[in-house]
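Visitor:
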Amino acid sequence: MSLTTVTSLLSSPDSRSRIGLLLILTLYLVLSVQFMQATPEFEASDEATHFGHVLHLKENKMLIVADANRRTLAAQEATQPPLYYVLTAIVINTLNTADKYIMYLGRANAPVGRADIAGYKHGFIHSEHRQAPALTALAVKTARYFSMALGLVTIICTFLTFRTLFPSQSSSVLFATSLVAFNPMFLFISNSVNNDTLLMSLCSAVTFLAVRLSKNQISLLGTFILGIILGLAVLTKVSALVMLPGLMALLLFSQTNTSLRVKHITMLLTVLACTCTWWFCRNYVLYGDLLGHSVHVALAGNARHSVELLALAYEWDGFVKSYWGVFGLFNVIFSDQIYYGFYILTALGCTLIASLFFLVRDHNKAVLYFLTLVFLSNLGAVAIWTSDLYGSQGRLMFPSITAFAVLFAWGLSYWPESIGRATKYTISVLLLSASTYASLWVIPAQYPS
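Residues are numbered in my numbering as their position in the sequence shown, beginning at 1, plus a constant of 7.
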């Protein structure tokens with residue numbers, strides 16, 4: 008192969024995209040290791056209780072039953088759907104977790120959710136289980152590696168989604184991918200034991216497949232597969248249902264007559280129901296409500312005194328901060344200056360999404376409606392959740408992280424090429440820098456060595 012041929016291949020949009028993706032994935036893995044090493048076991052959001060659910064399945068080989076009057080290691084996570092925990096239990100099944108209770112030694116007066124309190128932020132005592140053989144600590148780390156792999160799936164699906172829409176826009180597809188891969192909060196969650204990791208990967212897979220199928224007339228087989236994947240996502244976390252309004256809208260827009268629309272909507276809902284209805288029926292039998300919400304609230308203890316419809320609006324700053332980066336037990340934070348940058352980035356993203364409704368005039372209009380509905384449905388669901396419970400965490404928007412990244416990059420693609428390219432690179436580098444700073448300095452400084 009001649010030098011000219013090699014140069015031609017490397018300069019093509021497809022080759023640049025592939026090389027760029029490989030670089031992003033490599034940086035993601037490097038950052039992942041840094042985040043994993045920086046965060047002690049159980050010092051990530053709800054990691055101890057998520058792992059408690061995994062331990063129950065590993066040891067008992069049966070689904071857990073939550074009891075509002077008896078707090079187990081799984082606590083409120085006992086009410087969560089089982090798919091992530093089943094898979095993680097399989098991953099760590101051969102590992103010895105006999106010393107698990109040493110891992111759960113809590114620190115007195117731990118500053119959970121209190122970044123304003125000076126001093127170390129750890130919620131658990133780590134000196135005992137850091138001594139050999141640290142059996143359960145190894146199981147936690149193994150489970151984290153599984154989560155890391157799921158993060159790779161989310162990143163790749165984001166890449167494929169944008170490339171399916173615009174195969175020739177290599178800089179934009181890599182920018183959309185970077186918005187996910189270098190988001191400090193995404194990196195933090197993707198390297199902890201948390202069902203959000205599987206939720207993100209499945210919702211991103213649904214997003215990619217829906218966009219891919221929409222490029223041609225969606226077949227019933229395609230709708231069937233969408234229903235299966237969405238059902239698995241719901242069996243990971245019920246918030247996956249935020250994908251449903253967007254999918255139904257896409258099916259309505261992509262079909263040419265009413266009969267086909269009815270067939271596709273019926274297929275989607277039927278497959279979804281067959282996949283996950285049993286879980287809601289189980290909840291109703293055990294807890295008296297379809298979601299197990301009453302038991303979850305009783306165990307979590309974070310219910311508001313009364314419903315506050317505008318709670319998310321009042322708590323917008325913490326919500327935005329925790330989309331981009333609030334670490335530890337919601338008590339390790341960046342400096343205000345960095346969050347100002349995230350505020351600007353969020354405002355820019357929302358403005359770009361709004362601008363698309365004035366700029367997009369072609370056949371991609373249906374995809375625009377789909378992605379926007381996914382994002383807005385997710386936001387609406389978080390607003391409802393926050394109106395009833397304390398804890399407006401931005402990471403609850405991660406089911407739509409791919410949709411947001413694709414819309415952001417799509418809007419930026421309409422800017423003049425030189426300005427747009429410079430903006431993409433600047434944002435990507437700043438996110439990469441923020442993640443590096445968090446993993447090497449911000450997080451490690453908050454825990455005793």
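Backbone N, C-alpha and C define an ideal beta-carbon position, used for all residues, glycine too.
(1) To test your reading of the DSSP string, which unbroken alpha helix (DSSP H) runs of 4 or more residues are found completely within the segment 79 to 139?
(2) My output table needs one value for Phe153: the three-state DSSP class, helix, strand or coil.
(3) Taking the straight line between their C-alpha atoms, what separation do you get for Thr243 and Ser208?
(4) Return helix, strand or coil for Arg170, following the three-state DSSP convention.
(5) Quick one: measure Cβ to Cβ for Arg402 and Tyr454, integer angstroms, because I've assumed they're closer than 8 Å.
(6) The alpha helix (DSSP H) that contains Ile450, what's its start and end?
(7) Could you check whether the segment 101 to 110 touches the segment 146 to 153, counting it as contact only if at least three pairs of C-beta atoms, one from each stretch, sit closer than 8 Å?
(8) Along the alpha helix (DSSP H) that carries Asn76, what are the first and last residues, could you check?
(9) Would you mind working out which of Leu352, Leu363, Ile391, Glu48 sits nearest Ser313, comparing C-alpha positions?
(10) Taking the CB atoms as reference points, tell me whether Ala183 and Phe58 lie closer together than 8 Å.
(11) DSSP puts Phe334 in a beta bridge; with which residues?
(12) Relative to the C-alpha of Gly130, which candidate in Leu28, Phe326, Ala240, Leu112 has its C-alpha closest?
(13) With a cut-off of 8 Å on the beta carbons, I'd call Ile457 and Thr379 a contact; round off their distance for me.
(14) In terms of residues, what are the limits of the alpha helix (DSSP H) holding Trp285?
(15) Just verifying my parser: in three-state terms, what is the DSSP assignment at Ala310?
(16) Cα separation between Val72 and Val61?
(17) Give me the DSSP bridge partner(s) of Leu34.
(18) Name the one or two DSSP bridge partners that Leu396 has.
(19) Apply the 10 Å Cβ neighbour rule to Thr101 and answer buried if 16 or more other Cβ atoms are within range, or exposed otherwise.
(20) Whose C-beta lies closer than 7 Å to the C-beta of Gly427 among residues of the same chain, with five residues either side of it excluded?
(21) What is the DSSP secondary structure of His370, counted as helix, strand or coil?
(22) Please confirm whether Thr230 and Phe153 have their CB atoms less than 8 Å apart.
(23) Here's a check: name, in chain order, each residue in its chain whose Cβ is nearer than 6 Å to the Cβ of Tyr91, leaving out the five neighbours to either side.
(24) Check the C-beta distance from Met274 over to Val381 and give it rounded, since I have them as a contact under 8 Å.
(25) Rounded C-beta distance between Ala467 and Val302? I'm assuming under 8 Å.
(26) Have a look at Ser24 and Ser177 and give me their C-alpha separation to the nearest angstrom.
(27) Can you find at least 3 beta carbon pairs, one from the segment 403 to 412 and one from the segment 265 to 285, that sit closer than 8 Å?
(28) Which residue wins for smallest C-alpha separation from Phe364, given the options Tyr376, Val269, Val245?
(29) Give me, in chain order, the residues of the same chain whose beta-carbon lies closer than 7 Å to that of Ala256; leave out the 5 immediate sequence neighbours on both sides.
(30) By DSSP, does Gly356 sit in helix, in strand, or in coil?
(31) Just curious, the alpha helix (DSSP H) that Leu228 is in, first and last residue?
(32) Using only alpha-carbon positions, find the residue among Cys288, Leu336, Ile99, Ser394 that is nearest to Arg311.
(33) Comparing C-alpha positions only, which one of Gly335, Tyr347, Glu315 sits nearest to Lys328?
(34) Less than 8 Å between C-beta atoms, sequence neighbours within five positions excluded: which residues of the same chain meet that for Leu172?
(35) Can you tell me which of Leu38, Phe215, Ala45 puts its alpha carbon nearest to the alpha carbon of Met155?
(36) Tell me the rounded alpha-carbon separation between Ala318 and Gln83.
Guide: Based on what the coordinates show:
(1) Segments of the alpha helix (DSSP H) lying fully in the segment 79 to 139: 90 to 98, 107 to 110.
(2) Of the three classes helix, strand and coil, the one that applies to Phe153 here is helix, per DSSP.
(3) Answer to the nearest angstrom: the Cα atoms are 11 Å apart.
(4) If DSSP states are grouped into helix, strand and coil, Arg170 belongs with the helices.
(5) Between Arg402 and Tyr454 the beta-carbon gap is near 21 Å, outside 8 Å, which marks them as no contact.
(6) Looking at the DSSP string, Ile450 is not in any alpha helix (DSSP H), and its letter there is neither H nor E.
(7) Cβ pair count under 8 Å is three or more, so yes.
(8) Looking at the DSSP string, Asn76 is not in any alpha helix (DSSP H), and its letter there is neither H nor E.
(9) Comparing alpha-carbon positions, the option among Leu352, Leu363, Ile391, Glu48 lying closest to Ser313 turns out to be Ile391.
(10) With respect to Phe58, Ala183 sits apart: the two C-beta atoms are not nearer than 8 Å.
(11) Answer is Val339, bridged to Phe334.
(12) Ranking Leu28, Phe326, Ala240, Leu112 by Cα distance to Gly130 puts Leu112 first.
(13) Given a span of 8 to 456 for the chain in the structure shown, any question on residue 457 remains unanswerable.
(14) Taken as a continuous stretch (DSSP letters only), the alpha helix (DSSP H) holding Trp285 covers 265 to 294.
(15) Secondary structure at Ala310: strand, using DSSP grouped into helix, strand and coil.
(16) Each residue's Cα considered, the two are about 13 Å apart.
(17) Leu34 pairs with nothing; no bridge assigned.
(18) Listed as beta-bridge partners of Leu396 by DSSP are Ala310.
(19) Exposure of Thr101 is indicated by the presence of fewer than 16 other C-beta atoms within 10 angstroms of its C-beta.
(20) Counting only Cβ-Cβ distances below 7 Å, and skipping sequence neighbours, we find Leu419, Ser420.
(21) In the structure shown, His370 sits in coil (DSSP, three-state: anything other than H, G, I, E or B).
(22) Note that the C-beta distance between Thr230 and Phe153 is not below 8 Å.
(23) Closer than 6 Å at Cβ, skipping near neighbours: Asn202, Leu205, Thr243.
(24) 19 Å between Cβ atoms; not a contact.
(25) Past the boundaries of the shown model lies residue 467; the chain is included only from 8 to 456, so the question cannot be answered.
(26) When rounded, the distance between both Cα atoms is 5 Å.
(27) Counting Cβ pairs under 8 Å, fewer than three are found: no touch.
(28) For Phe364, the nearest C-alpha among the options comes from Tyr376.
(29) Closer than 7 Å at the Cβ level, and outside the excluded window around Ala256, lie Tyr376, Phe377, Leu380.
(30) In the three-state reduction of the DSSP assignment, Gly356 falls in the helix class, which pools H, G and I.
(31) First-last of the alpha helix (DSSP H) with Leu228: 227 to 241.
(32) If you compare the alpha carbons of Cys288, Leu336, Ile99, Ser394 with that of Arg311, the shortest gap goes to Ser394.
(33) Among Gly335, Tyr347, Glu315, the Cα nearest to that of Lys328 belongs to Tyr347.
(34) The residues are Val218, Asn371, Val374, Val413, Trp417.
(35) Per the C-alpha coordinates, the member of Leu38, Phe215, Ala45 positioned closest to Met155 is Leu38.
(36) Near 22 Å, if we compare the C-alpha coordinates of Gln83 and Ala318.
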